[in-house]
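Let me begin by presenting the structure, written as structure tokens, before commenting on it.
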Amino acid sequence: MLRLGFALVLFLSIPAAHAQDADPADVATTEAILDAVYEVISGPSDEPRDWDRFRSLLHPEARLIPLGMRPDSSWAPSGVWSPDEYADIAANAFANAPLFQGKGFYEVEAARRVERYDRLAHVWSTYESRLAPDEEPFARGINSFQLYHDGERWWVMSILWEQESPAAPIPQPYLPE
């Protein structure tokens, strides 16, 4: 009983999420929420991203975690960010990184695999990164989305991603058909 009481207190102490902040069309289905995430992070260099829309898609306790290669060639998370931290980092990267200066950034989904159980969904989303919508991708990788349905809408709970490398090419089941 003590464990249940502690879990209940912990649950009640988590900040309430505000479903009214999101466009209902963005959070109605797993497809819609993923499409909205890709739309928010993509665009031309002279168009600021809608970080309020981004935050409305992610649960307040969500985490964004890129995997990166260490100097010893091992892989590990290169950061663990809240939605606010990610928005700040991404906004600065788009503004200051030589790769993006004067260019857009478009992350385009190339393939999607969804596994769902009741209120939980796991999505493997293969992406291609481009500087313009009609250019060849300069990078590819896989986003692993964990989604949760609270009875009214979908939330992104986490995004863990890894960019493709020569040592770890994207496997056939995750490539476009």
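In the numbering used here, the protein residues as written are -13 to 163. In this text, a Cβ means the ideal position worked out from N, Cα and C, and glycines have one as well.
Which of the three DSSP states is assigned to residue i in this structure?
| i | result |
| --- | --- |
| Val13 | coil |
| Glu122 | coil |
| Leu146 | strand |
| Pro69 | helix |
| Leu133 | strand |
Assign residue i to one of two classes, buried (16 or more other C-beta atoms within 10 Å of its C-beta) or exposed (fewer than that).
| i | result |
| --- | --- |
| Leu50 | buried |
| Glu23 | One detail in the question is off: residue 23 reads as Val in this sequence, not Glu. Under this definition Val23 is a buried residue. |
| Leu43 | buried |
Determine the closest residue to residue i out of the options, with distance taken between C-alpha atoms.
| i | options | result |
| --- | --- | --- |
| Leu146 | Trp110, Val94, Arg56, Tyr92 | Trp110 |
| Ser115 | Pro46, Ala107, His108, Ile128 | Ile128 |
| Trp37 | Ser144, Ala76, Arg56 | Ala76 |
| Ile156 | Thr16, Tyr134, Ala97 | Ala97 |
Per DSSP, what are the beta-bridge partners of residue i in this structure?
| i | result |
| --- | --- |
| Met55 | Trp61 |
| Ala97 | Thr112 |
| Ile128 | Thr112, Glu148 |
| Gly29 | Phe91 |
Could you compute how far the alpha carbon of residue i sits from the alpha carbon of residue j?
| i | j | result |
| --- | --- | --- |
| Arg35 | Glu71 | 14 angstroms |
| Arg105 | Gln132 | 11 angstroms |
| Pro152 | Arg126 | 11 angstroms |
| Ala11 | Ala18 | 7 angstroms |
| Gly90 | Ile27 | 10 angstroms |
| Pro63 | Met55 | 9 angstroms |
| Ala118 | Thr112 | 18 angstroms |
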